Amino acid sequence: MTFFTRARAFRTALGVTATAVAMATAGTVGTAAAAGNPADAGSAATRAGDRAAQAAGAPQGAFAAPRAAAPATAPSFLLWATDARTGYLSFYAPDGNGGLRPRLDTFVNYGFATAVAQVDNDKDGVRDGFWTVVNDGRLLFTDKDAAGESQSRDIGKGWQTYRKVLSPGNIGGGAASDLIAVDKAGVLWLYTAYADGRVSPRVRIGAGWGDFTEIAGQDDLTGDGKADIVARDKAGALWLYPGTGSYKAPFGARKKVGAGWNTYNRVLSIGDLDSDGRTDLLARTKTGDLYRYSGTGNATTPFKKAVKIGFGYGGLNLL
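Using this note's numbering, the first residue of the sequence shown is number 4, and each one after it goes up by one.
See the structure below:
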């Protein structure tokens, strides 16, 4: 992985490296974030992410790396990471070959975020907006207005009651990506959502989710076009919960798809990493090594064998 560039690197000419471009251009938008305004920080993160994506070769505003056409339609998002000490935000763009491009640093302080959930509502493979869970319990949604300007809005309060919040995609059968959340009692809730980030009243999915230490997913894992998730239990087993497309019962009966996952301290998905159109999984070891599990689109064996794609990720909060 690429480590933080020292301050003197900012004095180099723009365009020398992708990292220098991202740092130089994003650095001017960090003041509001440092002042403690999460809404301004969300807008700053959008601008910085646009520049990061552009430096990586993606269309500006796409928040994703370019990829070849594929039979499936999994999105390809940037990996968000905050420094565990400083809170400053960095991005990693998929390189289209299963790995990540060098880290693109910003001056945006995003240390207040306990979760970030990116969405691809129009199914073009790139980000349309993102929710941020703030450590004071607020839920924000950031996207762009008709003029292409970044905007953040408050969606609700009280989200500090949840210990896990993510968006696997459209799991309720509507037109937009939805949110799921596990509360401190271990109950899983579904919030069906609208394209502008608003959410409907929550629907109880089930209890017992406190037994899982990680939950991840981004779009379809089984090849049926419905968003699925995986969950790791305390014993290290990985379980697949296939999506049904119904908000009344969004997941089918679980299936064990792996063991020994306790070697990882973070499991997440940013969609397609290897340009085959299928959702992949990322897993970080306790020593900071990062592995990719490429998706197969097969419910029986949803992932290929792990491939190490980086190291040095231990000091980061992967959002």
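Beta carbons are placed, not taken as given, at the ideal position from N, Cα and C, and that holds for glycine.
Given the structure is predicted, the values throughout are model-derived calculations rather than measurements.
| Check | Outcome |
| --- | --- |
| Going by DSSP, name the residue or residues bridged to Trp264. | Bridge partners of Trp264: none, in fact. |
| Any contact between the stretch 301–310 and the stretch 259–279? By contact I mean 3 or more CB pairs, one from each, below 8 angstroms. | yes |
| Please classify Asp53: does DSSP put it in a helix, a strand, or coil? | helix |
| Tell me the residue span of the beta strand (DSSP E) that contains Phe133. | 132–137 |
| Could you tell me if Ser79 is buried or exposed, where buried requires 16 or more neighbouring beta carbons within 10 angstroms of its beta carbon? | buried |
| Got a sec? Which residues, its chain only, sit under 6 angstroms from Ala286 by beta carbon, not counting five neighbours each side? | Tyr267, Val270, Tyr294 |
| If I follow the unbroken beta strand (DSSP E) through Lys229, where does it start and stop? | Careful: Lys229 lies outside any beta strand (DSSP E) and carries neither H nor E. |
| Looking only at its own chain, which residues have a Cβ that is under 7 angstroms from the Cβ of Ala340, when we skip the five neighbours before and after it? | Since the displayed the chain opens at 4 and closes at 322, residue 340 lies outside it and no answer follows. |
| Between the Cα of Pro97 and those of Asn138, Val129, Leu243, Gly45, spot the shortest distance and give me the residue it belongs to. | Val129 |
| Which residues in the same chain as Asn173 place their Cβ atom closer than 7 angstroms to its Cβ, once the five residues preceding and following it in sequence are excluded? | Ala179, Ser180, Asp181, Ala230 |
| Apart from the five residues on each side of it in sequence, which residues of its chain come closer than 6 angstroms, Cβ to Cβ, to Gly209? | Leu191 |
| Can Val137 and Tyr165 be called in contact, C-beta distance under 8 angstroms? | no |
| Under a three-way DSSP split, which group does Asp214 fall into? | helix |
| Give, in chain order, every unbroken run of the alpha helix (DSSP H) that is at least 4 residues long and sits entirely within the stretch 172–219. | none |
| Among all the DSSP beta bridges, which residues are the ones paired with Leu322? | In DSSP, Leu322 forms no bridge with anything. |
| Taking the Cβ atom as the reference point for each residue, do Thr363 and Ala116 lie within a distance shorter than 8 angstroms? | A question about residue 363 goes unanswered here, because the residues of the chain that appear run from 4 up to 322. |
| In or out: Asn301 buried (at least 16 other Cβ within 10 Å) or exposed? | exposed |
| Do Ile218 and Leu169 have their C-beta atoms closer together than 8 angstroms? | yes |
| Got a sec, what are the start and stop residues for the beta strand (DSSP E) Ala116 sits in? | 116–122 |
| Please report how far the alpha carbon of Gly189 lies from the alpha carbon of Gly211, in whole angstroms. | 5 angstroms |
| For Gln121 and Asp131, I'd like the C-alpha separation in whole angstroms. | 8 angstroms |
| Going by the CB atoms, is the gap between Gly176 and Ser272 shorter than 8 angstroms? | no |
| Can you tell me whether Gly318 is buried or exposed? The criterion is at least 16 other CB atoms within 10 Å of its CB, across all chains shown. | exposed |
| For Thr290, count neighbouring C-beta atoms within 10 Å of its own C-beta (all shown protein chains included) and say buried if the count is 16 or more, exposed if not. | exposed |
| Using a Cβ-Cβ cutoff of less than 6 angstroms, which residues in the same chain neighbour Asp236 once the five nearest sequence positions on both sides are dropped? | Asp214, Phe215 |
| DSSP state of Gly159, grouped into three classes? | strand |
| Does the beta-carbon distance from Ala77 to Asp227 come in below 8 angstroms? | no |
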